[in-house]
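Heads up: the sequence shown begins at 73 in this note's numbering, then just goes up one per residue. In what follows, a structure is listed as C-alpha cells, so that the remarks can point back to it.
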Amino acid sequence: MVHPDHTYLNLVQYILDNGVKKEDRTGTGTISVFGYQMRFNLSKGFPLLTTKRVPFKLVASELLWFIKGDTNIRYLLQHNNHIWDEWAFEKWIKSEDYTGPDMTNFGLRAAEDEQFAKIYAEQMKIFQQKVLEDEEFAVKFGDLGPVYGKQWRSWPTESGDTIDQLKKVIEMIKKSPDSRRLIVSAWNPAEVDEMALPPCHSFFQFYVAEGKLSCQLYQRSADVFLGVPFNIASYALLTHLIAHECGLDVGEFVHSFGDTHIYLNHLEQVNEQLSREPRNLPQLKINSEKKSIFDIELEDLKIEEYDPHPSIKAPVAV
C-alpha cells in the first residue's frame, strides 16, 4: 500500500516539477497545475497526514458544521475553530460599522510586517469576541452566506422549497446502493456571488461495491499546503460517518482536482514537509451508540495512535 503521505507528497513534488506560475485572486501568486487525482484506501488507516500535524478536531468540527447546515462561524468559534475567521473578518472590516485601523490586504501585510501583525491580531480578537457574545453582530458579520452547509442541507428550488441533498443521498445509499446518482453538489451558480468564498470542494459522489462505501470529490481549486490535508481528512471522515450509518465498510476516497496550486509564500514550508518521513497512520473511532450522522457531536469522534511530525505554519491567502 502506498502511504497517504507519499500520495500527497507526490502531488506536491509534481506541482514543483511541472507547475506554471500564475497570478491569483489574493495577489500572492501560485505554482499551479490543472488536473490531478489521488486515491486513498480508507480500510488501511485514517489518512490524517503524519509529515506534519493536521489538527483533527478542527477537521471534525468544520465537517459537523457543514453537516448541520450551518453557515455562521459562531459554532466554529465555540469549538475553538478559527479556519474560517478571515473571510468573516473581511466582511466586517469592509463594512461601514468598522471604525478601527486600516486592514486592507491584512493577510499579506500580517505575514510581512510584524508591527501590523500585532494590530491585526488585536482587531481579530475583538471581532471574535463580538461574534461569540453579541448575537446581532454574529448574525450580521459571522455569517458567510450560502456556503457548503446551506447547499448540502437546504439547496433552494424555484418553487421556494429546499432540497436536503445530504439526507437524500444517505437514504439512496440505503435503498438503492447501485445508483449512479449518489451525488451532493455545493456549487450553486445562482448563489455563488452571495458566498464569502465560492466552494472549492464543489461536488462529491458515493459508490457502493462489495459492501464498501467509496467517495470521489471534485475540487475546483486546491491550496495544496494548507487546504488539501484538511480536505483529505474531512472527506475521509464523511465517508466513514455515512458508512457507519448505512452499515457499510469503507472503501476508497478518490480526490480529483482542477486548479491545483502551491502559493509562492508556502514554498519553504512544502520543502520542509518533503524532507520528512511518514509515520504510522492513526485510527478513527466513532461512538457506536450514535447511529445517525446527524446525531454525531465532536465528542463522539476520536483519533488514536496519532504521532505526527510537528505542525508547519504558513499564512492564509484571503
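Note that the Cβ used here is the ideal one computed from N, Cα and C, for glycine as well.
Quick one: measure Cβ to Cβ for residue i and residue j, integer angstroms, because I've assumed they're closer than 8 angstroms.
i      : j      : result
PHE118 : ALA308 : 6 angstroms
TYR192 : PRO271 : About 27 angstroms; that fails the 8 angstroms criterion.
LEU310 : VAL84  : About 24 angstroms separates the two Cβ atoms, so there is no contact after all.
GLU344 : ILE384 : 6 angstroms
VAL27  : GLY179 : Any question about residue 27 goes unanswered here, given that the chain covers just 73 to 390.
ILE255 : GLN277 : 5 angstroms
ASN382 : THR123 : Residue 382 is actually Pro in this sequence, not Asn. That pair is no contact at about 10 angstroms.
ASP169 : GLN200 : With a Cβ gap of about 16 angstroms, ASP169 and GLN200 do not count as contacting.
ILE358 : LEU313 : 7 angstroms
LEU370 : HIS151 : 6 angstroms
Would residue i and residue j be called neighbours here (beta carbons separated by less than 8 angstroms)?
i      : j      : result
GLU376 : PRO354 : yes
GLN291 : SER306 : no
GLY217 : ALA268 : yes
LEU135 : VAL126 : no
LEU130 : VAL203 : no
ILE139 : PHE302 : no
HIS338 : ALA386 : yes
SER286 : VAL326 : yes
SER104 : LYS94  : yes
ASP372 : LYS362 : yes
LEU289 : SER328 : yes
Would you call residue i buried or exposed, if buried means 16 or more other Cβ atoms sit within 10 Å of its Cβ?
i      : result
ASP142 : buried
ALA132 : buried
ARG399 : Nothing about residue 399 can be read from this structure; the chain reaches only from 73 to 390.
VAL211 : exposed
LEU261 : Leu is not the amino acid found at residue 261; the sequence shown has Pro there. Per the 10 Å Cβ criterion, exposed.
SER167 : exposed
GLY214 : buried
ARG225 : buried
GLY172 : exposed
GLU317 : buried
THR176 : exposed
ILE242 : buried
With 8 angstroms as the threshold, decide whether the Cβ of residue i is near any Cβ in chain D.
i      : result
TYR147 : This model lacks chain D altogether, as it is built from one protein chain only.
At least 3 beta-carbon pairs within less than 8 angstroms: the region 316-334 vs the region 289-297: Note that the region 316-334 touches the region 289-297; at least 3 beta-carbon pairs, one per stretch, sit closer than 8 angstroms.
Ranges of the alpha helix (DSSP H) found wholly within the region 270-312, counting only runs of at least 4: none
Any 3 or more C-beta pairs closer than 8 angstroms across the region 227-243 and the region 158-174: no
Touching by the beta-carbon criterion (3+ pairs, under 8 angstroms), the region 103-112 and the region 80-87: yes
Runs of beta strand (DSSP E) wholly within the region 103-156 (minimum 3 residues, chain order): none
Minimum length 4: unbroken alpha helix (DSSP H) runs contained in the region 166-250: 178-184, 186-205, 220-225 and 237-247
Entirely enclosed beta strand (DSSP E) segments - the region 353-389, minimum 3 residues: 355-358 and 373-376
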